[in-house]
Amino acid sequence: AAESGAQGTLELKNSASVSAGAATIVGPGGKIIGSGDIAVGALGLVVQEGGSIDPGITILGAQRLTAPSSQTIQPGSLNIGGNVSISPTSVITLDVIGKTPSLYDRLIVTGTANLGGKLVLNFGNGFAPQQGDNFQFMQAGAFASSFQTTTIAGLAPGFTYTLSATGGAFNLVALNDGVPTTTQATRRVYLPLITR
Numbered sequence: 087a088a089e090s091g092a093q094g095t096l097e098l099k100n101s102a103s104v105s106a107g108a109a110t111i112v113g114p115g116g117k118i119i120g121s122g123d124i125a126v127g128a129l130g131l132v133v134q135e136g137g138s139i140d141p142g143i144t145i146l147g148a149q150r151l152t153a154p155s156s157q158t159i160q161p162g163s164l165n166i167g168g169n170v171s172i173s174p175t176s177v178i179t180l181d182v183i184g185k186t187p188s189l190y191d192r193l194i195v196t197g198t199a200n201l202g203g204k205l206v207l208n209f210g211n212g213f214a215p216q217q218g219d220n221f222q223f224m225q226a227g228a229f230a231s232s233f234q235t236t237t238i239a240g241l242a243p244g245f246t247y248t249l250s251a252t253g254g255a256f257n258l259v260a261l262n263d264g265v266p267t268t269t270q271a272t273r274r275v276y277l278p279l280i281t282r
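Per our numbering, the very first residue in the sequence shown carries number 87; after that it's consecutive.
(1) Of all the options T268, S250, P187, G218, which has the alpha carbon lying nearest to the alpha carbon of S232?
(2) On the three-state DSSP scale, how would you describe S188?
(3) If the criterion is Cβ atoms closer than 7 Å, does the pair V195 and I166 meet it?
(4) Please list the terminal residues of the continuous beta strand (DSSP E) segment that includes T198.
(5) Would the beta-carbon of G240 fall within 7 Å of that of F209?
(6) Near T235, which residues of its chain fall below 6 Å by C-beta distance, leaving aside the five closest residues on each side in sequence?
(7) Starting from the Cα of T246, find the closest Cα among N169, V265, A125 and give me that residue.
(8) Give the secondary structure of T268 by DSSP, where H, G and I count as helix, E and B as strand, and everything else as coil.
(9) Going along the chain, which residues of its own chain have a beta-carbon closer than 8 Å to the beta-carbon of L261, five neighbours each way excluded?
(10) Might you give, ordered along the chain, the residues of its own chain that have their beta carbon closer than 6 Å to the beta carbon of N200, omitting 5 neighbours on each side?
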């Protein structure tokens, strides 16, 4: 799971800590599972298409979060101990199937988040926000920039909202009731989908 093209599984147990080299690469089919910390080098974390990281894994020291092509990086919430830079050509897709934090994707950064590119909020499973609903999609020590564009998927046209990145939180507040264009189904929540 630690080199390009790897299809193996790295499991961390008993809150283990692992230190990687210049970059940590999770290849297609590769997995990092369990619970613990991975300290990555200056080149950060790269998750290739088909690779995944469990929600119990904390990435320490990541300076750049990148992934070529569409893939799942981690279901639920991704915790990064350090700074993160998301390039202007990236697309981050956050799935939302309910209004409690356990039902939508979240990115938690202890350092500074340099946001760029496109944010896609993908409402699914028949869920639509109601006026006044608040979603805290990201937390960071500071936000140095914001997304260039935002797209809403899974809701009928006419849904209005505000986005703000203040006080260490990146929030969406619904200004009216959304109308779902999806139907309720059993599915997993994945976080963040980043494409380049």
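All C-beta atoms in this analysis are idealised placements derived from N, C-alpha and C, irrespective of residue type, glycine included.
This is what the structure holds:
(1) As a position in the sequence shown, residue 232 is number 146, starting the count at 1. Nearest of T268, S250, P187, G218 to S232, Cα basis: S250.
(2) Residue numbering aside, residue 188 sits at position 102 when the sequence shown is read from its first letter. In this structure, S188 counts as helix in the three-state DSSP scheme.
(3) Residue 195 sits at position 109 when you count from the first residue of the sequence shown. Residue 166 sits at position 80 when you count from the first residue of the sequence shown. Yes, these two residues count as a Cβ contact at 7 Å.
(4) The residue labelled residue 198 in the question sits at position 112 within the sequence shown. Counting along the chain, the beta strand (DSSP E) containing T198 begins and ends at 198-200.
(5) Walking along the sequence shown from the start, residue 240 turns up at place 154. Walking along the sequence shown from the start, residue 209 turns up at place 123. Result yes, Cβ atoms of G240 and F209 sit closer than 7 Å.
(6) Counting from one through the sequence shown, the residue named residue 235 turns up at place 149. Excluding residues within five positions, the ones whose Cβ falls inside 6 Å are K204.
(7) Position 160 of the sequence shown, counted from the start, is the residue given in the question as residue 246. The closest CA to that of T246, considering only N169, V265, A125, is found on V265.
(8) As a working note, residue 268 is residue 182 in the sequence shown. In the three-state scheme derived from DSSP, where H, G and I count as helix and E and B as strand, T268 is classed as coil.
(9) In the sequence shown, counting from the first residue as 1, residue 261 sits at position 175. Taking L261 as the centre and dropping the five residues before and after it, the same chain places the C-beta of Q217, T246, Y247, T248 closer than 8 Å to its C-beta, in chain order.
(10) Within the sequence shown, the letter at position 114 stands for residue 200. Excluding positions up to five away in sequence, the list reads S171, A230, S231.
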